[in-house]
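With our numbering as the guide, the letters of the sequence shown map in order to residues 80 to 718. For each residue, glycine too, the CB sits at the ideal point set by N, CA and C. Everything below concerns the one structure shown next.
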Amino acid sequence: MKVLILIFSVLISSISLAQLCPGPNGPNLFPEGDFGSGTSNILQTDPGIAPGYGYTTSPPPDDGFYCITNDISVWSFGWNWHLPQDNSSDPNGYMMVVNASYEAGLFYEYEVDGLCENSTYVFSCDIYNLAGDNDHIKPNVSFLIDGSDNYNTGDISSTGQWETYGFLFTTGAGQTSVILSLMNNADGGYGNDLAIDNITFSQCGPEAILPAQEDMSYFESYCQGLDIQFDNLSYGTSVYEWDFGVEDTDDDVAIGLLPSYTYPAPGTYTVMLVANPGAACTDTTYADITIYEEIEASFLAPEPQCVSSNSFDFVGEGVFPASGTAFQWDFGTDANPSSSNIQNPQGIIYSSSGIKEITLTINYEECDASQSEEVFVASPSTINFGAPDELRCIPYELQFSNFSESSTEMFSYWDFGDGSSSFDLHPFHTYLDPGVYDVSLTTWTTSGCIDTLTMVRPNLIMVHPRPTAAFSIEPDEQIEFNPEFEFINMSTDAISSQIFYSDGNSTADDYSIYTYQNQTGVLVPWQIVYNEFGCSDVAYNALKIIPVLDVMVPNSFTPNGDAMNNVFQPVLYQDQVYELQIYNRWGELIHKSKEWNSFWDGSSQGVIAEDGVYIWRLIYTDLRSGNLTELEGHVQLIK
């Protein structure tokens, strides 16, 4: 069975066929593909290379015929054709001219043998669309290998020149011959006339190419370890055999395009790559690779130390051979010493505080590795604190400010002088009693410059007493016609007082009588008092001014002697002039009285009147204006 592997195909007009191969082409294995040469314009013998086509020696060929000629321009015919010669430097070289059949099909077939298995070849030919314009049917040609369509030209336009088409393919295992065919996919008739020349079949490799170690895509250094991934730039075959160069073993071989291998030990090895091994067409190349085990540098940064007494020791660690490894330390310019070439240097002293970068570099053969860490050189701690400069009255709340400084973590303890304490950095505290208080702060560190500092500030906090605000209001209620109130200051330990009436006015007097204007409802006067230290207190009180209606008149009553709603009696104030009149529904006056608290008991001429609605008229003095005012309304009498 023959196995064919297609690599790729491409239009190669105006370029060299060698450009299809990564390397140079081999010789043309199909010299018959140029159709030979001769002095006769038309080859007189049918070569039998076009299945299903007739051969003619009388050009131009009709549909379904072909001929072998060296020059179309000498023909006598009236078709709108281009008139090319053979596409070679030989003036008598032949080409194949095809006038396509009415039905698409093969127009060329030939068997090529003597091929190499698992090898890549170029199959190409030159094609000329003979039609003088693009209005005719265009040739469309497929390249077949053993009857399989491997490449198609697409429609070939009329350009007035030869175009070269071709592609690469690879033979399978055991395959040494192929049948080359050309098929016209377009129908004949109106157009689809073409010339064929230089059918070429040549080998593309194989060539074994193994890049230098430094040029391999995986390469970073010679010290990447023992696992190696190989690159392969070979071409012309898909079969490769590798020997990785390890002596005294048969396990250092592989097949495939891109193998990987783990070497047993560092060293230099000669790698062999064979392209298309065991075939008639093969190639071999060699390359040396050098490998070392991967190395790593590491060390732990020491804990912070104080600049006044620092002395750092370092231990070089990592992954590296036990012997033959070189160490180089860089401690920075303010270190003594500033560098070292031993694995575990000791007694490194810094002259200044701050963050110091240390770098360890190790070297083995061609391999380098580095690691950098930071150490901290601490400066001595300082202590200081303060409190707000402000008036302090009980209860007095403040936040202390800790101005202490430390280059490492610092802890704080506060004594507020009143029996309270805190471990906060900037604590809040409330003094509840007046007095003078000493405040102390103790700080300490456990790394870097290890130290304990204490600072006491005597008499730092002086807290003053507050006065007590209090005042009375008499009475606490008044009607709106007489909203007069008495205010009395009752504060203690105060040197000043101010009472605010809650209407925008105030007084500093200890005793005052105040009349509100146009106010009703609940008002909240308040007082603020101060003592000789400037401390204050505030008190609040409340009073009520009752809004007054001039007259309140019920709308029904029940004169039935049950002691509830037995009379009809408007409600007025005692100093209002008053007259009450009652009329029945006929407009007759049935009751009249002038006493301010008089009422109608529901009788008319000594007898309780009938159920119904009665009209009342009320004449009274308006308390706001002082004028007489009349009101009328209805009242329901219900027995």
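Where residue i falls, given that 16 or more other Cβ within 10 Å makes a residue buried
i, result
"GLN254", "buried"
"HIS713", "exposed"
"MET569", "exposed"
"ALA414", "buried"
"HIS508", "buried"
"LEU710", "exposed"
"VAL257", "buried"
"ILE717", "exposed"
"ILE94", "Note that ILE94 scores a pLDDT of 37, beneath 50, so its modelled location is shaky; the value from the coordinates is reported in the next line. ILE94 comes out exposed."
"TYR590", "exposed"
"ASN676", "exposed"
"SER88", "For SER88, the pLDDT reaches just 36, beneath the cut-off of 50, and the residue's location in the model is therefore unreliable, although a value from the coordinates is still provided. Classification of SER88: buried, given that the 10 Å Cβ count is 16 or more."
"PRO416", "exposed"
"TYR314", "buried"
"PRO562", "buried"
"LEU379", "exposed"
"ALA548", "buried"
"TYR619", "exposed"
"ALA358", "buried"
"ASP192", "exposed"
"GLY732", "Nothing about residue 732 can be reported from this structure: the residues present for the chain run from 80 to 718 only."
"ASP214", "exposed"
"MET643", "exposed"
"GLN596", "exposed"
Residues near residue i by beta carbon distance below 8 Å, same chain, minus five either side
i, result
"TYR181", "ASP142, GLY143, ASP266, GLY267, GLY268"
"ILE128", "MET175, TYR187, GLU188, TYR189"
"ALA466", "LEU477, PHE479, SER480, VAL518, LEU539, ILE540"
"SER432", "VAL386, VAL456, ALA457, SER458, SER486"
"LEU532", "SER460, THR461, ILE462, SER483, THR521, THR522, TRP523"
"ARG471", "LEU477, TYR510, ILE540, MET541, VAL542, HIS543"
"ASN311", "ILE288, LEU289, TYR319, LEU336, LEU337, LEU352"
"PRO381", "PHE391, ASP392, PHE393, VAL454"
"ALA688", "ASN663, ILE669, GLY681, SER682, LEU716"
Whether residue i touches residue j by CB criterion (8 Å)
i, j, result
"ASP169", "SER116", "yes"
"ASP410", "SER418", "The sequence given here has Phe at residue 410, not Asp. Yes, these two residues count as a Cβ contact at 8 Å."
"PRO720", "ASN271", "There is simply no residue 720 to check, as the chain begins at 80 and stops at 718 in what is shown."
"ASN178", "PRO140", "yes"
"TRP154", "LEU209", "no"
"LEU99", "CYS283", "yes"
"GLY233", "PHE202", "no"
"PRO513", "ILE473", "yes"
"LEU273", "THR199", "no"
Contacting residues, own chain, Cβ-Cβ under 7 Å from residue i (five flanking each side not counted)
i, result
"ASN389", "ILE428, TYR429, VAL456"
"LYS81", "In this prediction, LYS81 scores a pLDDT of 29, lower than 50, which makes its location untrustworthy; the coordinate-derived value is nonetheless stated afterwards. The answer, listed in chain order, is ASP225, GLY251, GLN254."
"ASP125", "TYR134"
"TYR580", "TYR593, PRO604"
"THR148", "ASN120, ILE121, PRO138, TYR173, MET174, VAL176"
"TYR609", "PRO546, ALA573, ILE574, SER575, SER615"
"VAL535", "ASP517, SER519"
"THR349", "GLY324, TYR365, ASP367"
Close Cβ partners of residue i (< 6 Å) along its chain, the five nearest in sequence each way excluded
i, result
"ALA587", "GLN577"
"ILE307", "TYR340"
"SER92", "Unreliable positioning characterises SER92 in this predicted model, as indicated by a pLDDT of 38, which lies under 50. A coordinate reading is not provided."
"GLU565", "GLU553, ILE592"
"TRP695", "ILE661, GLY712, VAL714"
Presumed contact (8 Å Cβ cut-off) between residue i and residue j, rounded CB distance
i, j, result
"THR135", "ASN171", "Not a contact, Cβ separation roughly 20 Å."
"ASP582", "GLN598", "6 Å"
"ASN197", "ASN355", "5 Å"
"THR404", "ILE441", "6 Å"
"CYS302", "ILE374", "6 Å"
"TYR657", "LYS673", "6 Å"
"VAL325", "TYR342", "7 Å"
"ASP212", "PRO285", "In fact, because the Cβ distance is near 45 Å, the residues do not count as touching under 8 Å."
"GLU372", "GLY304", "6 Å"
"LEU736", "PHE560", "With the chain running from 80 to 718 in the structure shown, residue 736 is simply not present."
"PHE222", "LEU261", "7 Å"
"ILE625", "GLU556", "6 Å"
Residue i at chain B interface by Cβ criterion, 8 Å
i, result
"ASN355", "Among the chains in the structure shown there is no chain B, since it carries only a single protein chain."
Near the ligand COA: residue i beta-carbon under 7 Å from a heavy atom
i, result
"ILE592", "Although the ligand COA was asked about, the structure shown includes no ligands whatsoever."
* Asked: What residue ranges within the region 260-332 form continuous beta strand (DSSP E) runs of no fewer than 3 residues, ordered along the chain?
  -> Counting only runs of 3 or more residues that sit fully inside the region 260-332, the beta strand (DSSP E) segments are 272-283, 306-308, 319-322, in chain order.
* Taking the runs of the beta strand (DSSP E) that are 3 residues or longer, which of them lie wholly in the region 331-360? -> As far as the region 331-360 is concerned, its whole beta strand (DSSP E) runs of at least 3 residues are 332-334, 339-341, 346-354.
* What are the start and end residues of each continuous beta strand (DSSP E) run of 3 or more residues lying completely inside the region 179-253, in chain order? -> Runs of the beta strand (DSSP E) inside the region 179-253: 184-191, 199-208, 219-224, 227-234, 242-250.
* For the region 571-613, list the alpha helix (DSSP H) runs that are entirely contained and at least 4 residues long, ordered along the chain. => You should have found no qualifying run.
* To do: Note down, one range per segment and in chain order, each beta strand (DSSP E) of at least 3 residues found wholly within the region 661-690.
  => Complete beta strand (DSSP E) runs here, min 3: 668-672.
* **Within the region 403-489, ranges of the beta strand (DSSP E) (whole runs, at least 3 residues)** => As summarised for the region 403-489, the continuous beta strand (DSSP E) elements at least 3 residues long and confined to that stretch are 405-409, 433-443, 446-457, 475-478, given in chain order.
* **beta strand (DSSP E) segments (min. 3 residues) lying fully within the region 494-559** => Annotation: the region 494-559 contains the following complete segments of the beta strand (DSSP E) (minimum length 3 residues), in chain order: 507-510, 514-524, 531-542, 550-553, 556-558.
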